[in-house]
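Trainee: Please read through the structure below; I'll follow up with questions.
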Amino acid sequence: MKPISRGMRRIYLVVFTLLFIMLVPTLILYALGYRFASDWSIFSTGGIYIASDQSGAEIYLNNKLVSQTSYFRRGYFIQNLRRGNYFVIFAKQNFRSWSKHLDVLDQKVTEAYAFNMPNDPVIRREIPEFTKVSVATSTLTRPNAFYTDLLIDFAERNLQSESVLGLLREKDRKKVVLWQEGNKVHARWTGAEDAAPYFFCNGTCHTDVVVYESPSPIKYFDFFPNRNDLILLANDSGVYVTEIDVRPDRNIQPVYEKGGVDFIVENGNILYVKDGSRVLEVETAF
Amino acid sequence: MEYQNRPYFHVARASQLTGKDRVIYKLFEILPGFLSWASVILAVVLSFFIPVYVALFIIVFDLFWLFKTVYLSIHLRHNWKRMRYNMKLDWSKMLEKMRYDHIVHLVLLPFYSESFEVIEQSIKSLLSSKYDKKKMAVVVASEERAGPMAAEIANRIKEKYGEQFGYFITTVHPKDLPDEAPGKGSNISYAAEQARIHILDKHKIRYEDVIVSAFDMDTLVYPQYFLCLTWYFLTTPNPYKVSFQPVPLYNNNIWQAPAFSRVVAMSSTFWQMIQQERPERLATFSSHAVCFRNLYEIGYWQKNMVSEDSRIFWNLFLAHDGDYSVVPISYPVSMDANLAPTFWQTMRNVYKQHRRWTWGVENVPYILFGFVKNKKISLEKKIRLAFVQLEGFWSLATNPLLIFFCGWLPIIVGGRAFNSTVLSRSLPMITRDLMILSMCGLILSAFVCMTLLPPLPPGYGRRHQFAMILQWVLVPISIILFGALPGLESQTRLMFSKYLGFWVTPKFRKESEVHVG
Numbered sequence: 677m678k679p680i681s682r683g684m685r686r687i688y689l690v691v692f693t694l695l696f697i698m699l700v701p702t703l704i705l706y707a708l709g710y711r712f713a714s715d716w717s718i719f720s721t722g723g724i725y726i727a728s729d730q731s732g733a734e735i736y737l738n739n740k741l742v743s744q745t746s747y748f749r750r751g752y753f754i755q756n757l758r759r760g761n762y763f764v765i766f767a768k769q770n771f772r773s774w775s776k777h778l779d780v781l782d783q784k785v786t787e788a789y790a791f792n793m794p795n796d797p798v799i800r801r802e803i804p805e806f807t808k809v810s811v812a813t814s815t816l817t818r819p820n821a822f823y824t825d826l827l828i829d830f831a832e833r834n835l836q837s838e839s840v841l842g843l844l845r846e847k848d849r850k851k852v853v854l855w856q857e858g859n860k861v862h863a864r865w866t867g868a869e870d871a872a873p874y875f876f877c878n879g880t881c882h883t884d885v886v887v888y889e890s891p892s893p894i895k896y897f898d899f900f901p902n903r904n905d906l907i908l909l910a911n912d913s914g915v916y917v918t919e920i921d922v923r924p925d926r927n928i929q930p931v932y933e934k935g936g937v938d939f940i941v942e943n944g945n946i947l948y949v950k951d952g953s954r955v956l957e958v959e960t961a962f
Numbered sequence: 002m003e004y005q006n007r008p009y010f011h012v013a014r015a016s017q018l019t020g021k022d023r024v025i026y027k028l029f030e031i032l033p034g035f036l037s038w039a040s041v042i043l044a045v046v047l048s049f050f051i052p053v054y055v056a057l058f059i060i061v062f063d064l065f066w067l068f069k070t071v072y073l074s075i076h077l078r079h080n081w082k083r084m085r086y087n088m089k090l091d092w093s094k095m096l097e098k099m100r101y102d103h104i105v106h107l108v109l110l111p112f113y114s115e116s117f118e119v120i121e122q123s124i125k126s127l128l129s130s131k132y133d134k135k136k137m138a139v140v141v142a143s144e145e146r147a148g149p150m151a152a153e154i155a156n157r158i159k160e161k162y163g164e165q166f167g168y169f170i171t172t173v174h175p176k177d178l179p180d181e182a183p184g185k186g187s188n189i190s191y192a193a194e195q196a197r198i199h200i201l202d203k204h205k206i207r208y209e210d211v212i213v214s215a216f217d218m219d220t221l222v223y224p225q226y227f228l229c230l231t232w233y234f235l236t237t238p239n240p241y242k243v244s245f246q247p248v249p250l251y252n253n254n255i256w257q258a259p260a261f262s263r264v265v266a267m268s269s270t271f272w273q274m275i276q277q278e279r280p281e282r283l284a285t286f287s288s289h290a291v292c293f294r295n296l297y298e299i300g301y302w303q304k305n306m307v308s309e310d311s312r313i314f315w316n317l318f319l320a321h322d323g324d325y326s327v328v329p330i331s332y333p334v335s336m337d338a339n340l341a342p343t344f345w346q347t348m349r350n351v352y353k354q355h356r357r358w359t360w361g362v363e364n365v366p367y368i369l370f371g372f373v374k375n376k377k378i379s380l381e382k383k384i385r386l387a388f389v390q391l392e393g394f395w396s397l398a399t400n401p402l403l404i405f406f407c408g409w410l411p412i413i414v415g416g417r418a419f420n421s422t423v424l425s426r427s428l429p430m431i432t433r434d435l436m437i438l439s440m441c442g443l444i445l446s447a448f449v450c451m452t453l454l455p456p457l458p459p460g461y462g463r464r465h466q467f468a469m470i471l472q473w474v475l476v477p478i479s480i481i482l483f484g485a486l487p488g489l490e491s492q493t494r495l496m497f498s499k500y501l502g503f504w505v506t507p508k509f510r511k512e513s514e515v516h517v518g
C-alpha cells in the first residue's frame, strides 16, 4: 500500500485552498457585523450587550423574550440588529425590572449594565446594639463595639460643618466623581475625554451630567457597592439606587423604602442602613 | 559527490566557520527565532495599536488552522490504514520471490545509563523478530564517560545473547575525543566504524548489502520490522539514494505513563505518521535505517551536535546534491514514553525531551548554508525545502500561542473604541467555534490512538482505557507547554548561541517485561 499519491494530495490542497479563499471574505464580513438579507444583499448590523449580575433573569427586546441569563452567562449579546432604537427590559421574578431605550449603530455594540433590586430588601443581618459576654459563671451584656463604630460614622457625617460637608459631599471611584448641588447629584468623568465610559454617552459623550434631582433634600449619597455607574442616595422617602447612565429611561429602584432612614457604605462594598436605632446590613449582590 | 569533502560539511555552529561563511551561518541561526519572536511580539504590539486588523488576522488564521487540521487528518487517516495494512502483511511472503540472504542488518544500540533490564528487552525484541539472526549484526555501544559499569553491562549482554546473532560486538566510545560533543551521534559513529572494522571488513561483507538501523536503547522492534525494511530496500529503485523511516510509537510503557506524557508521545507519533504521507517533507527522526555504504561515504553521523538523527539526512541530501530522500516504510518501532518516578519529574523530562527534539532547528542554518554553497541543487528544490523547514519550526513555536492568546488580546488591550465594535464581540465567539471544529479532529486522534495501543497489562481495566480517550482534552495545554514553549526556547538559544547539549532521556518502566505487537 503506497502513500497518498502526490496528485491526490495536490487535489486536496487545491480544494481546501479554494474553500479557504471563498470563506475568508465571508467570515471577515460576518465578524464585522455584515449579514445576508433574504434577497442575498448584504446589510450592516450592530448589537446590544447587556451586562448583569443576575442569573435566571429574562431579557426582552422590543417586548419579545430573547434570552435568559444563567449562572455561567450573566450577560447577553444580542446581535444581528439593524440600525435603530430598541427597547430592552431586564426582568427577574421578585425583583424590580430594569429597562432602557438603546440606539444601535452599524458595526457597533451598545452596552448597558442592568441592575435589579429585590421587591423587598434582603437583610443580611442586624447589627446588635449589645453583645453578651460570659465572665466566670455569669453573662454580662456589653455595648457592641461595631454597632457603636457604625453609629459614630453616621453621626460624624451629620455633625460636620457646611464647608467640610462640601468636601464630604464629593465621592470618586475609578475616575467617576459624584458631587451634590442642592437636591441634585452630579457625575463627572475625570479621565481622558475619548475614554469616557458608555454611561456618559448618548450619541455624544458628556463629561458632566446630572444624575438625579430628588424631590426632597438628599441626606446622603455614595456609589453603589462595587459599581461606579450606580449611586445610592437617601432622602425623606428612603434609600434608592439610580444609574448615572444618561440614556433614557433612567432607572431608579428602592433599596430600603421608609421615611427617616439613612445609609452608609463601608469599604466600598457593604451597605448599612440605619432605621431608627436599628442598623441593618443590606444585601446588594444577588 | 564532492560536497562532503568541503571543510564545512560537518559544521555544527557558526563559531566553527570564519569570515563571510561565519556571518552567513550566524544569520541563518538567527532567522528561525527572529521569525517566531517577530510574529509573537508583532501580534502583541499591534493588538494595542490596530486591534481591528489583529482581530481579523486571528480569525483568518484560525480558519486556516481548521483547514490545515482537516488536511493533515486526511494524511493521518491514510497512514493509519497503511500502517495497519503493513502490520498485518506477511513480509516473508512478500520477499519469497526475492533474493535477500545477502542482506545483513546492522543494529546499533547506543546507551549511556540504561539498566541491564532495559537493554535486555531490546535484545529480546531483536531475537523475537522474524529475520534470520545469523544475518543480523548487533553492536551494543556504551560510553566510557558512563563509567565501567556500562561496559560491564554491555559485556553481560554479549555473554548472554551474543551467540544467538550472526555478529555481536560491544564498543566503548572513548570520552573527550577532539571535535566531538558528548551524545548519541558521536557514540554511534564510533560504533559504526568499529562494526566496519570488526564485522564487515573482517567477514568481507559488502557495505552495499548492509542496512544500518540506528536505534535508541529503548527501541523495541515489531516482529516483521527487518523483513519489511528488507523489502523496501530491495524494491526501492535506488536504495543508495534513500534512508528509511519507520513510525515511532511510544508503547513500551504507555499504560504506566501519566496522561500528559501519553498525549505528547502520541502526538509525536501522529506527526510522524502524517509526514510519512508527505515523503518529500520527511527527514529521518529518532530510530531510522540507512545503507552502510551511504554512511561510510560521508563519515557517519555528525559527532559535534545533538540532532544527529535528522542531520544525517541533510548530510546525505547535500552530499548527493539534492538527489536523496526518505522512504517512509509505515511500519512501527516502539520506544518508551516519558515516565519518571514522580509526576513533576515526568513533566520536566517531557519538556526537556521536546526541547531536545525541537533543537532540530539547529539543522535550519546547516540546510540554508548548504543551499547557498551547493550550486548543484535546483533553485526550486531549495526554495521549497527552505520554506518547509522555516514554516515548520515557525508554526511549531508560534501557532499555539497566536491561537490561544491572541484570540482575546485585542479585547483586553484594544481600548474602548475597539471594544464597542461588533468585531470585538465576534472575535471570541468565532475563534471559539473554529477551535471547537478543529478539536473535532481529536476524536480521530483518540480513535487512532486506541487502535495502536498494546494490550492492557494485568491489573489495568476499563478505567485506564477510558482515560486514554479522555486524555485528548489536554491537547490545547500540551501543545503550548510541550510544543510552542520548548520550540521557542530552542530557537532563542540558537539565536544567542546558547547551544544545547545532548540530554539522555531517563528510562523508567514500572514493569520488567514489555510486550509490543
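Chain order of the listed sequences is A and B. Just so we're aligned, residue 677 is where the first sequence starts under my numbering, counting upward by one. Just so we're aligned, residue 2 is where the second sequence starts under my numbering, counting upward by one. We treat Cβ as the ideally placed atom computed from N, Cα and C, and that holds for glycine. For clarity, every value in this text was computed on a predicted model and none was experimentally measured.
1) Thinking B:K304 and B:A182 are a contact (beta carbons under 8 Å), I'd like their distance in whole angstroms, please.
2) For B:F10, which three-state DSSP category applies?
3) Return no unless some Cβ of chain B is closer than 7 Å to the Cβ of A:P679.
4) Would you call the stretch 764 to 772 of chain A in contact with the stretch 783 to 800 of chain A, where contact means no fewer than 3 C-beta pairs closer than 8 Å?
5) Which runs of the alpha helix (DSSP H) fall wholly inside the stretch 255 to 314 of chain B and span at least 4 residues, in chain order?
6) With C-beta atoms as the reference, is B:A338 less than 7 Å away from B:I255?
7) Consider the Cβ of B:L67: report whether some Cβ of chain A lies at a distance smaller than 7 Å.
8) Identify each residue in the stretch 698 to 721 of chain A for which the Cβ-Cβ distance to at least one residue of chain B is less than 8 Å, and report them in chain order.
9) For B:V248, return the contacting residues in chain A, with the cut-off set at a CB-CB distance below 9 Å.
10) By Cβ distance, which residues of its chain are closer than 6 Å to B:H11, with the 5 residues on each side in sequence left out?
11) Give me the chain B residues within the contact set of A:Q783, using Cβ-Cβ distance strictly less than 8 Å, ordered along the chain.
12) Could you list which residues in chain A have their beta carbon closer than 9 Å to that of B:Y86, in chain order?
13) Considering only their Cβ atoms, is the gap separating A:G732 from A:V780 smaller than 7 Å?
14) Note down the Cα distance separating A:V840 from A:R750, rounded to an integer number of angstroms.
15) Quick one: Cα of A:K678 to Cα of B:F216, how far?
16) To the nearest angstrom, report how far apart B:I333 and B:M84 are at their CA atoms.
17) State yes or no: is the C-beta of A:A871 within less than 7 Å of the C-beta of B:R417?
18) Note down, in chain order, each residue of its chain lying with its Cβ closer than 7 Å to the Cβ of B:F68, except the 5 sequence neighbours on either side.
19) Would the stretch 460 to 476 of chain B and the stretch 358 to 375 of chain B be scored as touching if the rule is three or more Cβ pairs under 8 Å?
20) Starting from B:Q195, follow the alpha helix (DSSP H) in both directions and report where the run begins and ends.
21) Out of A:Y688, A:N738, A:Q755, A:L695, which one is the CA nearest neighbour of A:Y706?
22) Can you pull the chain A residues whose beta carbon is under 8 Å from the beta carbon of B:Y72, in chain order?
23) According to the neighbour-count rule (16 or more other Cβ atoms, all chains shown, within 10 Å of its Cβ), is B:K82 buried or exposed?
24) When you check each C-beta in the stretch 743 to 757 of chain A against every C-beta of chain B, which residues fall closer than 9 Å?
25) Compare the C-beta of A:A871 against all C-beta atoms of chain B and say whether one is closer than 7 Å.
26) Closest to B:T231 by C-alpha separation, out of B:Y132, B:F62, B:L73, B:T347, would be which residue?
27) From A:D951 to A:P891, what does the alpha carbon distance come to, in whole angstroms?
28) Could you tell me the distance, in whole angstroms, from the CA atom of A:S837 to the CA atom of A:G914?
29) In whole angstroms, what is the alpha-carbon distance linking B:V243 and B:D324?
30) Below 8 Å on C-beta distance, what does A:G723 contact in chain B?
31) Around the C-beta of B:N316, are 16 or more other C-beta atoms found within 10 angstroms, so that it is buried, or is it exposed?
32) Looking at B:P411 and B:S48, is the spacing between their C-beta atoms short of 7 Å?
33) By DSSP, does B:G393 sit in helix, in strand, or in coil?
34) Quick check on A:N820: does DSSP put it in helix, strand or coil?
35) Would you list the residues sitting across from A:R864 in a DSSP beta bridge?
36) Write down the C-beta distance between A:W716 and A:N927 rounded to the nearest angstrom, noting that I regard them as a contact closer than 8 Å.
Mentor: In short, the structure shows the following:
1) Walking along the second sequence from the start, residue 304 of chain B turns up at place 303. Walking along the second sequence from the start, residue 182 of chain B turns up at place 181. Going by Cβ atoms, the distance from B:K304 to B:A182 rounds to 7 Å, so yes, they are a contact pair.
2) In the second sequence, the residue the question calls residue 10 of chain B occupies position 9. B:F10 falls in the coil class under three-state DSSP.
3) Start at 1 with the first residue of the first sequence, and residue 679 of chain A comes out as number 3. So yes, A:P679 belongs to the interface.
4) yes
5) 260 to 277, 293 to 299
6) Along the second sequence, read from residue 1 onward, the residue named residue 338 of chain B stands at position 337. Along the second sequence, read from residue 1 onward, the residue named residue 255 of chain B stands at position 254. In this structure, B:I255 lies closer than 7 Å to B:A338 by Cβ.
7) For the purposes of this step, residue 67 of chain B is identified with residue 66 of the second sequence, where counting begins at 1. Residue-level contact by beta carbon fails for B:L67 and chain A, as no gap is shorter than 7 Å.
8) L699, V700, L703, I704, Y706, A707, L708, G709, T721
9) As a first step, residue 248 of chain B is located in the second sequence; it is residue number 247 there, counting from the start. By Cβ distance, chain A contributes nothing, its closest Cβ being about 12 Å from B:V248, past 9 Å.
10) Taking the second sequence and counting its residues from 1, the one referred to as residue 11 of chain B is at position 10. Apart from the 5 residues on each side of it in sequence, B:H11 sits with its Cβ closer than 6 Å to the Cβ of Q303 in its chain, given in chain order.
11) For the purposes of this step, residue 783 of chain A is taken as the residue at position 107 of the first sequence. The contacting residues are T422, V423, L424.
12) For this step, residue 86 of chain B is matched to residue 85 along the second sequence. M677, listed in chain order.
13) Within the first sequence, the letter at position 104 stands for residue 780 of chain A. Within the first sequence, the letter at position 56 stands for residue 732 of chain A. Cβ distance not < 7 Å, so A:V780 and A:G732 don't count as in contact.
14) As a working mapping, residue 840 of chain A is identified with position 164 in the first sequence. As a working mapping, residue 750 of chain A is identified with position 74 in the first sequence. With a pLDDT of 49 at A:V840, under the threshold of 50, the predicted position of this residue should be treated as unreliable, and no value is reported.
15) Sequence index remark: in the first sequence, residue 678 of chain A carries index 2 (1-based). Sequence index remark: in the second sequence, residue 216 of chain B carries index 215 (1-based). So the two alpha carbons sit approximately 25 Å from each other.
16) Along the second sequence, read from residue 1 onward, the residue named residue 333 of chain B stands at position 332. Along the second sequence, read from residue 1 onward, the residue named residue 84 of chain B stands at position 83. Here residue 333 of chain B turns out to be Pro, not Ile, going by the sequence shown. Taking the straight line joining both Cα atoms gives about 8 Å.
17) Walking along the first sequence from the start, residue 871 of chain A turns up at place 195. Walking along the second sequence from the start, residue 417 of chain B turns up at place 416. Their beta carbons are under 7 Å apart, which means A:A871 touches B:R417 by this criterion.
18) Along the second sequence, read from residue 1 onward, the residue named residue 68 of chain B stands at position 67. Contacts found: none.
19) no
20) For the purposes of this step, residue 195 of chain B is taken as residue 194 along the second sequence, with counting starting at 1. Where B:Q195 is concerned, the enclosing alpha helix (DSSP H) stretches over 185 to 196.
21) To locate residue 706 of chain A, count along the first sequence from 1; it is residue 30. The candidate whose alpha carbon is nearest that of A:Y706 is A:Q755.
22) By one-based count along the second sequence, residue 72 of chain B stands at place 71. Per Cβ cutoff of 8 Å: Y688, L689, F692.
23) As a position in the second sequence, residue 82 of chain B is number 81, starting the count at 1. Classification for B:K82: exposed.
24) Among the residues of the stretch 743 to 757 of chain A, those with a Cβ less than 9 Å away from any Cβ of chain B are F753, Q755, in the order of the chain.
25) As a first step, residue 871 of chain A must be located in the first sequence, where it is residue number 195. By this cut-off, A:A871 is an interface position.
26) Walking along the second sequence from the start, residue 231 of chain B turns up at place 230. Out of B:Y132, B:F62, B:L73, B:T347, B:Y132 has the C-alpha closest to the C-alpha of B:T231.
27) In the first sequence, the residue the question calls residue 951 of chain A occupies position 275. In the first sequence, the residue the question calls residue 891 of chain A occupies position 215. Each residue's Cα considered, the two are about 21 Å apart.
28) In the first sequence, the residue the question calls residue 837 of chain A occupies position 161. In the first sequence, the residue the question calls residue 914 of chain A occupies position 238. The pLDDT assigned to A:S837 is 42, lower than 50, so where the model puts this residue is not dependable, and the model offers no usable value.
29) Numbered from 1 along the second sequence, position 242 holds the residue referred to as residue 243 of chain B. Numbered from 1 along the second sequence, position 323 holds the residue referred to as residue 324 of chain B. The alpha-carbon atoms of B:V243 and B:D324 are separated by roughly 9 Å.
30) Working through the first sequence from its first residue, we reach residue 723 of chain A at position 47. V423, R426, listed in chain order.
31) On the second sequence, position 315 is the one that residue 316 of chain B refers to. By the neighbour-count rule (16 or more Cβ atoms within 10 Å), B:N316 is buried.
32) Along the second sequence, read from residue 1 onward, the residue named residue 48 of chain B stands at position 47. Along the second sequence, read from residue 1 onward, the residue named residue 411 of chain B stands at position 410. It is a contact, given that the beta carbons lie within the stated cut-off.
33) What you label residue 393 of chain B is simply residue 392 of the second sequence in a count that begins at 1. If DSSP states are grouped into helix, strand and coil, B:G393 belongs with the helices.
34) Along the first sequence, read from residue 1 onward, the residue named residue 820 of chain A stands at position 144. DSSP places A:N820 in coil when its eight states are reduced to three.
35) As a working note, residue 864 of chain A is residue 188 in the first sequence. Per DSSP, A:V853, A:D884.
36) Residue mapping note: residue 716 of chain A aligns to position 40 of the first sequence, counting from 1. Residue mapping note: residue 927 of chain A aligns to position 251 of the first sequence, counting from 1. Distance from A:W716 to A:N927 at the Cβ level is roughly 41 Å; contact not present, criterion being Cβ atoms closer than 8 Å.
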